[in-house]
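238 is the number of the first residue of the sequence shown in our numbering; add one for each residue after it.
Note that beta-carbon positions come from the ideal geometry of N, C-alpha and C, so glycine has one too.
Before any comments, here is the structure.
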Amino acid sequence: MSVKRPGPVRWLSYQFGGRLPEQYRDWVLHDATCRTWVLRVVVRGLVQVAPLGIVLFAALGLLGGAWPIAAGALLLGLLVVVRIVLTNSVDSVDARLVRYGFPPGHGSAVRRQRDADAAARYAAVWRQQPPE
Numbered sequence: 238m239s240v241k242r243p244g245p246v247r248w249l250s251y252q253f254g255g256r257l258p259e260q261y262r263d264w265v266l267h268d269a270t271c272r273t274w275v276l277r278v279v280v281r282g283l284v285q286v287a288p289l290g291i292v293l294f295a296a297l298g299l300l301g302g303a304w305p306i307a308a309g310a311l312l313l314g315l316l317v318v319v320r321i322v323l324t325n326s327v328d329s330v331d332a333r334l335v336r337y338g339f340p341p342g343h344g345s346a347v348r349r350q351r352d353a354d355a356a357a358r359y360a361a362v363w364r365q366q367p368p369e
C-alpha cells in the first residue's frame, strides 16, 4: 500500500497544528499508528518547541549568561517537553485522527490490533509445545 506523503512545507505546517488536505488522510493515519508513532509524537513536540528553545538559548548566551548554564537550561526544558508530550501522546494522536474524520479512539484500536496480531504471530512461532 502506497501512502502519499506531504512535502517538507506541508509536513512542517502539520507539525505546528496545520491541517493537511484530504489526500493525505491515509498518511495521517499511518503517522498515528505505525510502529514508530511514539517517536513521531516526540519529534513533533521537539519541532514545536525548537524555535523558542533556539531564541532562549541565544538570548541567555548573548546577554551575558554562561553557555553551560544556557545549555543546561535548554536540556532541562527539552526533557520537560518530552515528558509532557509522552504523557499526552495517546490522547493527542486520537484527537488528531478525529479531526481527519476517523472515529474517536480509532488510532488506539488500530495500534491494539496490530500489537495483538504481532503477539499471535510470535506465539505461533516461538510458543509451540516441544515435541515429545
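Residue i, DSSP secondary structure in three states
i: A307; result: helix
i: Q350; result: helix
i: F253; result: coil
i: F339; result: coil
i: P228; result: Since the first and last residues shown for the chain are 238 and 369, residue 228 lies out of range.
i: E369; result: coil
For residue j and residue i, believed in contact at Cβ under 8 Å, the rounded distance
i: W264; j: P243; result: 7 Å
i: V279; j: L323; result: 7 Å
i: A307; j: L316; result: In fact, because the Cβ distance is near 15 Å, the residues do not count as touching under 8 Å.
Pair within 8 Å by beta-carbon distance, residue i and residue j
i: D331; j: S345; result: yes
i: F394; j: L276; result: Here the chain has residues from 238 to 369 only, and residue 394 is not among them.
i: G290; j: G314; result: yes
i: V284; j: Q252; result: yes
i: V246; j: H267; result: no
i: R262; j: Y337; result: yes
Distance, residue j Cα to residue i Cα
i: I321; j: V286; result: 12 Å
i: C271; j: R351; result: 9 Å
i: Q366; j: A356; result: 16 Å
i: G309; j: S329; result: 28 Å
i: L300; j: V318; result: 24 Å
i: W304; j: V292; result: 14 Å
i: V347; j: R256; result: 22 Å
i: S250; j: R364; result: 46 Å
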